[in-house]
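For the sequence shown, the numbering used here puts the final residue at 554, and the numbers step up evenly by one. Okay, structure first, notes after.
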Amino acid sequence: MKFGVGLPNYGRGKTFADIKRVALAAEELGYDSVWTTDHIIVPKADIEPYGNILESLIVLAMVAAVTARVKLGTSILVLPQRNATLTAKQVATIDAASGGRMIFGVGVGWNAGEYANLNAQFKTRGKRLDEDIELLRTLWSREDVSFRGHFTNLEHAIFAPQPAQKNIPIWIGGNDEPALHRVVKHGDGWHPTGISPEGLQTGVKHIRELNAAKNFIVSARLSTDLRADASPTYAYRGNPRYRLAGNLSAVRARLREYHKAGLEYPAVFFPMDDLALGLAQMETFAREVIPDFV
261 MKFGVGLPNY GRGKTFADIK RVALAAEELG YDSVWTTDHI IVPKADIEPY
311 GNILESLIVL AMVAAVTARV KLGTSILVLP QRNATLTAKQ VATIDAASGG
361 RMIFGVGVGW NAGEYANLNA QFKTRGKRLD EDIELLRTLW SREDVSFRGH
411 FTNLEHAIFA PQPAQKNIPI WIGGNDEPAL HRVVKHGDGW HPTGISPEGL
461 QTGVKHIREL NAAKNFIVSA RLSTDLRADA SPTYAYRGNP RYRLAGNLSA
511 VRARLREYHK AGLEYPAVFF PMDDLALGLA QMETFAREVI PDFV
């Protein structure tokens, strides 16, 4: 298994100095990647925890400048509420500047109010994402680009320089049926959030049923809390979510369940409201848990 770690680019009082500390710790401790969370302008009802958030791609660009090894991922970027051509340029620039370290996680998102705030269409976000992924693949594969779509049309448009990677990995976020179909059609990886081992196993099985020859990375965004009294489940928007929680024995046992279910590349997000606690848990996890799974 490979392990990524979440960056604290959201939450009250978070600064780039905090993010830099976590990114450098990730590099020193041997984590494979660092990951940002994406929101832009949420409704007031969602001010916690997403009202105070540093923009996902700008954060990764800054992190690229202070690190040398860790991959740079979005978990996940809500692409249909952005201009896809501009986003393609931003991601390609980060990839080129970092020497080919981008992993681009994308999804449709869930916040209709945020879509409205950005003058983007919530109801067509699935169709928009499918087309946007095709557009990104095209832009990243040639300098002279012509593209015909429902949302974007280009005629001999010049896109240069190209990213360092010939094919920046695109991982599909989402836990539901449309996300699984999107992995089959467009994805290099599946990156659900807070999914149970059973849910992960079912999803992987379904992707294989849809296309047995599909080659993709099985990832997951998992909140992680090593405090002994931390609960392995939590509620999010009225639905249960699952995390790695409890003492080290409990966390190792749960991670073995995920590994058996097919998990190859977890992105673990520690409690960064208390930065010292989060950094301490990062180190403990790297030294006491990861060696059992690599």
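Where a beta carbon is used, it is the ideal one built from N, C-alpha and C, also for glycine. All of these numbers come straight from a predicted model, not from anything done at the bench.
Per DSSP, cross-strand counterpart(s) of residue 480: Answer is 526, bridged to residue 480.
Residue 443, DSSP secondary structure in three states: Collapsing the DSSP output to three states places residue 443 in a helix.
As assigned by DSSP and simplified to three states, the class of residue 382: Here residue 382 carries a coil assignment [DSSP, helix/strand/coil].
Extent of the continuous alpha helix (DSSP H) run through residue 470: Unbroken alpha helix (DSSP H) run through residue 470: 457-470.
Continuous alpha helix (DSSP H) assignments of at least 4 residues falling wholly in the region 386-412: Taking only runs of at least 4 residues, no alpha helix (DSSP H) segment lies wholly in the region 386-412.
8 angstroms contact criterion, which residue 330 and residue 528 should meet: CB distance rounded: About 14 angstroms separates the two Cβ atoms, so there is no contact after all.
Beta-carbon spacing of residue 418, residue 436 below 9 angstroms: Result no, Cβ atoms of residue 418 and residue 436 do not sit closer than 9 angstroms.
Buried or exposed by the 16-neighbour rule on C-beta atoms within 10 Å, applied to residue 554: It counts as exposed.
Same chain, Cβ closer than 6 angstroms to residue 514, neighbours up to 5 away in sequence not counted: So the qualifying residues of the chain are 504.
Simplified DSSP assignment, three categories, for residue 499: Under the three-state reduction of DSSP, residue 499 is assigned to strand.
Helix, strand or coil at residue 505 [DSSP, three-state]: In this structure, DSSP gives residue 505 an extended state, which the three-state scheme calls strand.
Local conformation of residue 513 per DSSP, three classes: Reduced to three states, the DSSP call for residue 513 is helix.
Short Cβ contact (9 angstroms threshold) for residue 319 with residue 542: No. Outside cutoff.
Sequence-distant residues of its chain with Cβ nearer than 8 angstroms to residue 276 (five each side left out): If we look at residue 276 and ignore the five residues flanking it on each side, its Cβ neighbours are 314, 319 and 322.
Residues bridged to residue 538 [DSSP beta-bridge criterion]: Beta-bridge pairing links residue 538 to no other residue.
Coil, strand or helix - residue 373 by DSSP: Correct three-state label for residue 373: helix.
Helix, strand or coil at residue 239 according to DSSP, with G and I counted as helix: Coverage of the chain is limited to positions 261 through 554, which leaves residue 239 absent and any answer about it impossible.
CA nearest to the CA of residue 394, picked from 382, 408, 383 and 549: Measuring from the Cα of residue 394, the nearest candidate turns out to be 408.
Euclidean distance between Cα positions of residue 286 and residue 304: Computed Cα separation, rounded: 33 angstroms.
Close-in-space but distant-in-sequence residues of the same chain around residue 474 (CB under 8 angstroms, 5 per side omitted): Cβ within range, chain order: 443, 444, 467 and 468.
For residue 352, the three-state DSSP class (helix, strand or coil): Residue 352: helix per DSSP, three-state reduction.
Residue environment, residue 370, which counts as buried when at least 16 other CB atoms sit within 10 Å: The residue is exposed, with fewer than 16 neighbouring Cβ atoms inside 10 Å.
For residue 297, the three-state DSSP class (helix, strand or coil): It is coil, neither helix nor strand.
Beta-carbon spacing of residue 345, residue 316 below 9 angstroms: Not closer than 9 angstroms, so no.
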